[in-house]
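Chains as they are written, first to last, in our numbering: chain A, 5 to 516; chain B, 27 to 378. Yeah, the Cβ is synthetic: ideal placement off N, Cα and C, and Gly gets one too. Okay, so here's the structure we're looking at.
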Amino acid sequence: MVSPSTMKAVRESGAVPNAEYVLEVEDVRKEFPGVLALDNVQFKLRRGTVHALMGENGAGKSTLMKIIAGIYTPDSGTFKLRGVDIRLKSPLDALENGIAMIHQELNLMGPMTVAENIWIRREPKNSWGLINHGEMRLRTEELFKRLNIDIDPMVEVRMLSVANRQMVEIAKAVSFNSDVLIMDEPTSALTEKEVTHLFQIIRVLKAEGKGIIYITHKMSELFEIADEVSVFRDGKYITTKLSSQVTRDEIIRMMVGRDITQMFPKETVPIGKVKLSVKGLTLDGVFKDVSFDVREGEILGIAGLVGSGRSNIAETLFGVTPASSGTIEIDGKLIAIKSPGQAMANGLAFLTEDRKDTGCFLLLDIQDNTQMAVLQNRYVSYGFVQQKQLSKDSSIMAQTLRVRTPDMQEPIMNLSGGNQQKVLIARWLLTKPRILILDEPTRGIDVGAKAEIHRLVSQLAGQGVAVIMISSEMPEVLGMSDRIMVVHEGRVTGLLDRKDANQVKIMELASH
Amino acid sequence: MTDVQQEPGKSLTGLTKVRRLPPEVSILLVLFGIILVFEVLGWLIIGQSFIANKQRISIIVLQVAVTGIIAIGVTQVIITAGVDLSSGSMVGFIAMVAASLAQVSTNERAVYLSQGWVDLNPLWAIAVGLLLGAFLGMINGFIIAKTKIPPFIATLGMMVSARGLAKWYTLGQPVALLTDSFSWFGHSFPVMGFPVPRPVIVFLIVAVIFHVMLTYTRYGKFTYAIGANPQAARVSGINISNHLIKVYTIAGLLSGLAAVMTAARAESAQPGMGVGYELDAIASCVIGGTSLGGGVGRITGTFIGTIILGVVTSGFTFLQVGAYYQEIVKGIIIIAAVVIDQYRQNRRRKTS
């Protein structure tokens, strides 16, 4: 095995071994607490090609990319760079060895200029040891010319459009003379014209002999830009094909082709009258013309890729981001929802997607976390919290949901993800909701807690609660929902009945 | 759902219960430690007791009463992850206004003599002082909630402007010769031969009220929620803007109260009153365990923190340490208290 620093020296001398594959990883395994993220996968990247990675959310693509970019260290497996064994210890290591990753969320410093962002830590110096801004500008212009990018190097990054920032990120990655470029859904925020430009740049890089790993959910891009495609599923490597020798349907089948062995305790319950009716709901620039009904006792699943607008629809229903236009009716009555408080007054509850960012009060204890929403409307007289009754009801709720904790005074940050999620569900159940919106209710929690939450959701539906459940997990959506609404790029692309729904149909509707 | 009888001492799920000491315990120990050090040094250096002296205790509490009242308001502001820099300047301005409404008619240079606003009932001065404080606080809250600029900047602006108002109000002249009925609020009364200053009684009452408010009311729960995680608070249905306006209004009200007490105690007012009070108040909160990051803090902690600052000041005077050294060491103590507290919390997080 060669150490990264030796490799770096070899690279700088220009005597790079000319292997067929610029990057080869084999038998890579990575385990996180409770999850096997990568199960002995392999991946090979040829020089001068674009290699697409496909797979559902959670298939392991991002984990593999982070390993290649040096962010994670694999538990086991071999890693060859230009035919030589190597072990990366940090993202800096990876960068110095010619592997650059362009992240989905951009990592630029807004108040600094484009040139400063690109050459940070490598600024050209003058003889006084101070930064030579003229030289830096020249180098940036040269780089931009090569890539056919038209951006002023001296403008501050925060003044640029998202597309232009993306170009700067790519230019920065190229400026390291990287041989491997990883692009994680680079077109998710780009318009069609910008995508065309991006593809031009990719073709330039390809012609220069670089290997490009391209993660995408969009089939059309795959066939336009990729030479090869590898499919991942549930942390396993499925196959690699030339993109000219594979069809869209084959890829979808490989992506979703697992058996639903997990059991979902879906109970058949009587479905009542329409509880919530949404018509033409629009949030400008995010989603458009969304219409659907949910009935009492019904579970409406919402499927779609990350970024399709499914969570935004939920946020708008709950008043977090009020709608630009459209109507919401509850029990046949037109209502306005401009804030979460109003939504709650109308019997809605909303378990958010991100437990840490918008769910837990990490500094507070379980009791406070459980009671924070219900205090809005109940358990308060003359401003004073009726703590005795509330504590009793909260701990009964916590016990019903089997929150594993010594007592209600434990700080919530000491609980596992699954238990935190149960506390947040308890928070909403205390408000006795009639319409319950669940956004990724079982993300990142272990199988046992998952099953408990599924059982609970079924029970609630049985009590006549109208449930809207957003999920990235196909088996969950298929197993739990009475009907499934599929969202793609801010539009409803399909509404399937339980009996007609299957993974292939959903994937087709969710990715065009 | 099943009815659950929870036996005392037995946990919810049969897991062992963790015994938790209130977070104030460590800060109380720091207070005792500091007192002990002064006691020992007292006997060693000047041969007398530090703590067994009624006069000294009375002075300590009187010194801290005014900044203590402010610190209570600032505690709830800091719990929302905000800060209030304007309290000291508000004290200056409001003390001027309140004092000007409490002047005696024999004073030829009284501010409102020509309007005949002299020899008024002291309740006028107090009511105007409190309302003015609440109003200025509301402006703070309104600016912070509606423009979303950082509380540091909003209250910094108020700090500068309120000090300007204090000087403008009489064009820099002090206000003196106040009615006895107004000054009464700043005086002491004897309890078993022990002089108890009325501002101290006010401080204690305010501390109790706000301890109850933060612990047992919805107002308090929402205050912690906003500081701990504003997004989660919003999704839980809390109207953050309205709540922040309330929090800053109340902080302003308490600055107004502190201003009235300051003027009554001094039996006069001058535009420079209250300089630096905001920093003493913030220091008291922080020493008492309130986290500037929001979501954490208690009135009991702030109360002890206030006493610590008072004890340190008084202790140095007692040891005849020069005023310069006092300030130097006070700064060190503020930092040390927070470092110790942070260290303790990190350790607790790791062990649990």
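| said: Closest to M116/A by C-alpha separation, out of K149/A, V161/A, N130/A, D79/A, would be which residue? | reply: By 1-based counting over the first sequence, the position of residue 116/A is 112. Residue V161/A is the option with its Cα nearest to M116/A.
| message | So with CB distances below 8 Å, who are the chain A contacts of Y242/B? | response | Numbered from its first residue, the second sequence carries residue 242/B at position 216. Within 8 Å of the CB of Y242/B, the CB atoms of chain A belong to F388, V389, Q391, in sequence order along the chain.
| query | Can you find a C-beta in chain A that's less than 8 Å from the C-beta of S262/B? | reply | Stepping through the second sequence from its first residue, residue 262/B is reached at position 236. By this cut-off, S262/B is an interface position.
| In three-state terms, what does DSSP make of L203/B? | Within the second sequence, residue 203/B is the residue found at index 177, counting from 1. In this structure, L203/B counts as coil in the three-state DSSP scheme.
| request: Just tell me which of D145/B, S209/B, L111/B, G263/B has its CA closest to the CA of G363/A. | output: The residue given as residue 363/A occupies position 359 in the first sequence. Cα-wise, what sits closest to G363/A is G263/B.
| Near L57/B, which residues of its chain fall below 8 Å by C-beta distance, leaving aside the five closest residues on each side in sequence? | As a position in the second sequence, residue 57/B is number 31, starting the count at 1. I330, I333, I334, V337.
| In chain B, what lies closer than 9 Å to S343/A by C-beta? | Numbered from 1 along the first sequence, position 339 holds the residue referred to as residue 343/A. The contacting residues are R260, G263, N265.
| task | Could you check the C-alpha separation between G94/B and R135/B for me, to the nearest Å? | result | On the second sequence, position 68 is the one that residue 94/B refers to. On the second sequence, position 109 is the one that residue 135/B refers to. For G94/B and R135/B, the distance between alpha carbons rounds to 33 Å.
| query | Given 8 Å as the limit, is there contact between the region 337-346 of chain A and the region 452-471 of chain A, that is, 3 or more CB pairs closer than that? | reply | Because the criterion of three Cβ pairs below 8 Å is not met, the region 337-346 of chain A and the region 452-471 of chain A do not touch.
| request: Identify the continuous alpha helix (DSSP H) that holds L146/B and give its terminal residues. | output: Within the second sequence, numbered from 1, the residue matching residue 146/B stands at position 120. Segment: none, L146/B is in no alpha helix (DSSP H) and carries neither H nor E.
| said: Excluding the 5 residues flanking G498/A on each side, which residues of the same chain have their C-beta closer than 7 Å to its C-beta? | reply: Within the first sequence, the letter at position 494 stands for residue 498/A. Only residues of its own chain outside the window of five on either side were considered, and among them V490, L513 have a CB closer than 7 Å to the CB of G498/A, listed in chain order.
| query | So is G114/A in contact with chain B if we call contact Cβ pairs under 8 Å? | reply | Residue mapping note: residue 114/A aligns to position 110 of the first sequence, counting from 1. Not closer than 8 Å to any Cβ of chain B, the Cβ of G114/A fails to qualify, so no.
| query | What in chain A is Cβ-close to G321/B, meaning under 9 Å? | reply | Mapped onto the second sequence, residue 321/B falls at position 295. Simply F365, L366, L367, L368.
| Within 8 Å (strictly less), CB to CB, does V384/A reach chain B? | Mapped onto the first sequence, residue 384/A falls at position 380. At a cut-off of 8 Å between beta carbons, V384/A contacts chain B.
| query | Of the residues E60/A, V496/A, H492/A, Q507/A, which one's Cα is nearest the Cα of L482/A? | reply | As a first step, residue 482/A must be located in the first sequence, where it is residue number 478. For L482/A, the closest of E60/A, V496/A, H492/A, Q507/A by C-alpha to C-alpha distance is Q507/A.
| message | With distance defined between alpha-carbon atoms, name the residue in V26/A, S475/A, R431/A nearest to G215/A. | response | Locating residue 215/A in the first sequence gives position 211, counting from the first residue. Of the candidates V26/A, S475/A, R431/A, the one whose C-alpha sits nearest the C-alpha of G215/A is V26/A.
| request: Could you list which residues in chain A have their beta carbon closer than 8 Å to that of K247/B, in chain order? | output: Walking along the second sequence from the start, residue 247/B turns up at place 221. Within 8 Å Cβ-Cβ: D372, Q375, M376, L379, V389.
| task | Report yes or no: do three or more beta-carbon pairs, one from the region 366-386 of chain A and one from the region 288-299 of chain B, lie closer than 8 Å? | result | Verdict: no, contact absent.
| field | According to DSSP, residues forming a beta bridge with Q129/B | value | Locating residue 129/B in the second sequence gives position 103, where the first residue counts as 1. The partner list for Q129/B (beta bridge, DSSP) reads L204/B.
| Nearest candidate by alpha-carbon position, reference M376/A, set V228/B, Y250/B, Q89/B, N79/B | As a working note, residue 376/A is residue 372 in the first sequence. Comparing Cα positions, the closest option is Y250/B.
| So what's V273/A in DSSP terms, helix, strand or just coil? | Taking the first sequence and counting its residues from 1, one reaches residue 273/A at position 269. In the three-state scheme derived from DSSP, where H, G and I count as helix and E and B as strand, V273/A is classed as coil.
| message | Could you tell me the alpha carbon to alpha carbon distance between V172/A and G74/A, rounded to whole angstroms? | response | The residue labelled residue 172/A in the question sits at position 168 within the first sequence. The residue labelled residue 74/A in the question sits at position 70 within the first sequence. Going from the Cα of V172/A to the Cα of G74/A covers about 21 Å.
| List, in order along the chain, the chain B residues whose C-beta lies closer than 7 Å to that of M348/A? | Indexing the first sequence from 1 puts residue 348/A at position 344. Ordered by position in chain B, the residues that pass the 7 Å Cβ test against M348/A are G263.
| What residue range is occupied by the uninterrupted alpha helix (DSSP H) comprising D306/B? | The residue labelled residue 306/B in the question sits at position 280 within the second sequence. Residue range 303-313 is occupied by the alpha helix (DSSP H) that includes D306/B.
| query | Whose CA, out of F322/A, S485/A, A307/A, lies closest to the CA of E493/A? | reply | As a working mapping, residue 493/A is identified with position 489 in the first sequence. Nearest C-alpha to E493/A: A307/A.
| Is any beta-carbon of chain B found at less than 8 Å from that of D443/A? | Here the question's residue 443/A lines up with position 439 in the first sequence. By this cut-off, D443/A is not an interface position.
| field | Three or more C-beta pairs below 8 Å linking the region 116-132 of chain B and the region 300-316 of chain B | value | The region 300-316 of chain B and the region 116-132 of chain B touch, with three or more beta-carbon pairs separated by less than 8 Å.
| query | Hey, T243/A and M258/A are a contact pair by Cβ (cut 8 Å); roughly how many whole angstroms apart? | reply | Here the question's residue 243/A lines up with position 239 in the first sequence. Here the question's residue 258/A lines up with position 254 in the first sequence. Confirmed, about 6 Å.
| task | Output the boundary residues of the beta strand (DSSP E) element that contains T244/A. | result | Numbered from 1 along the first sequence, position 240 holds the residue referred to as residue 244/A. 240-246 is the extent of the beta strand (DSSP E) around T244/A.
| Distance CB(T220/A)-CB(E189/A) smaller than 8 Å | Here residue 220/A refers to the residue found at position 216 when the first sequence is read from its first residue. Here residue 189/A refers to the residue found at position 185 when the first sequence is read from its first residue. In this structure, E189/A lies closer than 8 Å to T220/A by Cβ.
| Who are the Cβ neighbours of I77/B in its own chain at under 7 Å, not counting the five residues just before and after it? | The residue you call residue 77/B lines up with position 51 of the second sequence. Cβ contact annotation for I77/B (same chain, cutoff 7 Å, sequence separation greater than five): I61, E65, in chain order.
| Using the beta-carbon of each residue, which ones in chain B are nearer than 8 Å to V324/A? | Here residue 324/A refers to the residue found at position 320 when the first sequence is read from its first residue. By Cβ distance, chain B contributes R260, V261.
| Near I53/B, what residues of its chain come up, given a Cβ to Cβ distance below 8 Å and the 5 sequence neighbours on each side ignored? | Working through the second sequence from its first residue, we reach residue 53/B at position 27. Result list for I53/B: I313, G314, G315, G327, I330, G331, I334, A363, D367, in chain order.
| query | How would you label T265/A, buried or exposed, when you count the other beta carbons within 10 angstroms and need 16 or more for buried? | reply | What you label residue 265/A is simply residue 261 of the first sequence in a count that begins at 1. Confidence at T265/A is low in this model, with a pLDDT of 44, below 50, so its placement is unreliable and the value that follows should be read with caution. T265/A is classed as exposed because its beta carbon has fewer than 16 other beta carbons within 10 Å across all chains shown.
| field | C-alpha gap between F291/A and I106/A, whole angstroms | value | The residue labelled residue 291/A in the question sits at position 287 within the first sequence. The residue labelled residue 106/A in the question sits at position 102 within the first sequence. If I take the Cα positions, the gap works out to 27 Å.
| field | Limits of the alpha helix (DSSP H) - the one that P177/B falls within | value | For the purposes of this step, residue 177/B is taken as the residue at position 151 of the second sequence. Its alpha helix (DSSP H) spans residues 177-195.
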